[in-house]
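Heads up: the sequence shown begins at 76 in my numbering, then just goes up one per residue.
In this text, a Cβ means the ideal position worked out from N, Cα and C, and glycines have one as well.
Note that the structure is predicted; figures quoted are calculated from it, not measured.
Following: one structure in structure tokens, then a few remarks.
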Amino acid sequence: MEYFDYFKLIVLPFFISLASVWIIHPHIVKVAKVKGIVDNPNARKLQKEPVPVLGGVAVFFGIFMSFSFANMLAECSELFVLMTSMLLMLYLGSIDDILDLRAVSRLIVQIGAVLVLIYMGGDYEIDHMYGLAGIQALPQWIAVPLTVFAAVGIINATNLIDGVDGLSSGFGVMASIVFSVAFFYTGDYPMVILCAATVGSLTLFFLHNVFGKKSKMFIGDGGTLMLGIILAAYVIRLICSAQPLDGAALPNERASVIPFTLAVLSIPVFDTLRVMSTRILSGHSPFHPDKTHLHHMFIDLGFSHVITTVSILTLNSLVIAVWAATCFAGCSANTQTLVVFATSIACTFGLYRAILTFKQRYPERYARLSEFIRVRQPRRDGWFLTVQKIVDSI
């Protein structure tokens, strides 16, 4: 591949989306403040003052502009069906940010957006398991519900991790970078462009979200639902289009794609499963809001928003590293899947239960530990204020 190919697939989409967000971000912040489209603090939320909540609009604008320009040099028009589903999610989430929609209404629109991908987008259907657990091709009456279930689960898992500054956007950047490598390997270059555009849009938003004061804005449900369907598209598309270069290793490598995708999304997916199962066992709706997510645990321990984000991304990276180790060790796809499941459960169910048990049995030690962590957190002075001034000025 020539240098110009790298430019049009990665560099150009990244910088166009980055520049687009840079241009539109301050205008969206101004509109949100004037119109009162803000996230107000309450007992469940962690911020102490109203924050504009239209960050998803800026991110979508960056990705859209990147597609528009990149399509002049590289064929990626097939992704405009995905853009339709992204737009549906953006509208749904933005309306929910303003009007607080019912969970059923959200679910119906999410299913509709996934069905658009399945029936209009082409390669967006999980119709083969490549021998994983002894399962091969799936009939459509199983493939379609399975795809809808997986995609809607990923969308909501992505939405539910949006609880601290930089977490959803930081996770989106990490996942997009990892998936871009996989898509580059399989030769799915339109998805490489999508990954690069998503990284560009989310990177600048991440800086404003974490370091900004005047320019601070939340990504909102519009942004997280849109990011969720992007991540779902990554997973489904990779499973559909995996074409390993070594034909002799084809069956195992294709099957290994499934534990790989599970590893990349491990913390959001398994933490959501933990939270929802706990709510159901407690007699509450699985969609009942509370403060039992993994990021709430880190905040309660005394970690700052930034360190909480870094900690959760590190946990997720650990799961990916464990998957990679089993893959390079020549383990079967079934073994890889079991190891990813076990590691993900340990990093979510196990970690949360261990910290909660420690807090309940040794409250005084827990209090001292929390105070120790709080005292040693990076303070919002010095270099932080310098970065904040730079970010607010761009």
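Check                                                                                                                                                                          : Outcome
State the Cα-Cα distance for the pair Ser160 and Leu192, rounded to the nearest angstrom.                                                                                      : 7 Å
Ala411 lies in the alpha helix (DSSP H); which residues open and close that run?                                                                                               : Note on identity: in this sequence residue 411 is Gln, with Ala being the wrong assignment. Looking at the DSSP string, the run of the alpha helix (DSSP H) that includes Gln411 is Ala408 to Ile420.
Could you check which residue in Ser143, Ile138, Ser419 and Asn234 has the C-alpha nearest to that of Ala271?                                                                  : Ile138
How would you call Thr401, buried or exposed, if buried means at least 16 neighbouring beta carbons within 10 angstroms?                                                       : buried
Roughly how many whole angstroms lie between the Cα atoms of Ser357 and Met147?                                                                                                : 54 Å
Count the other C-beta atoms from every protein chain shown that fall within 10 angstroms of the C-beta of Ala360, then say buried if there are 16 or more, exposed otherwise. : Per the sequence presented here, residue 360 reads as Ser, with Ala not at that position. So Ser360 ends up on the exposed side.
Between the Cα of Val385 and the Cα atoms of Ser244, Pro125 and Pro265, which residue gives the shortest distance?                                                             : Ser244
Which partner residues does Asp365 have in the DSSP bridge list?                                                                                                               : According to DSSP, which records beta bridges pairwise, Asp365 is partnered with nothing at all.
Rounded to whole angstroms, what is the Cα-Cα separation between Ser92 and Gly241?                                                                                             : 18 Å
Thinking Ala250 and Val394 are a contact (beta carbons under 8 Å), I'd like their distance in whole angstroms, please.                                                         : So it is not a contact: roughly 12 Å between Cβ atoms.
Determine the direct distance from the alpha carbon of Arg177 to that of Met204, and round the result to whole angstroms.                                                      : 34 Å
CB-CB under 6 Å to Ser141, same chain, minus the five flanking residues each way: which ones, in chain order?                                                                  : Pro88, Ile91, Ser92 and Ala272
Using the Cβ count rule (16 or more neighbours within 10 Å means buried), how would you classify Ser169?                                                                       : buried
Comparing the CB of Asn391 with every heavy atom of the ligand SAM, is any distance shorter than 6 Å?                                                                          : By its list of ligands, the structure shown contains no ligand whatsoever, and the ligand SAM lies outside what it can speak to.
Please report the straight-line C-alpha distance between Phe224 and Arg443, rounded to a whole angstrom.                                                                       : 43 Å
Identify whether Pro453 lies in helix, strand or coil by the three-state DSSP scheme.                                                                                          : coil
Under DSSP, the alpha helix (DSSP H) around Phe89 begins and ends at which residues?                                                                                           : Leu87 to Lys110
What would DSSP say about Val126, mapped onto helix, strand or coil?                                                                                                           : strand
Taking the beta carbon of Glu446 as the centre, do at least 16 other beta carbons fall within 10 Å, making it buried, or is it exposed?                                        : exposed
May I ask you to report which of helix, strand or coil DSSP gives Ala212?                                                                                                      : strand
Just grab the DSSP bridge partners of Val113 for me.                                                                                                                           : Pro127
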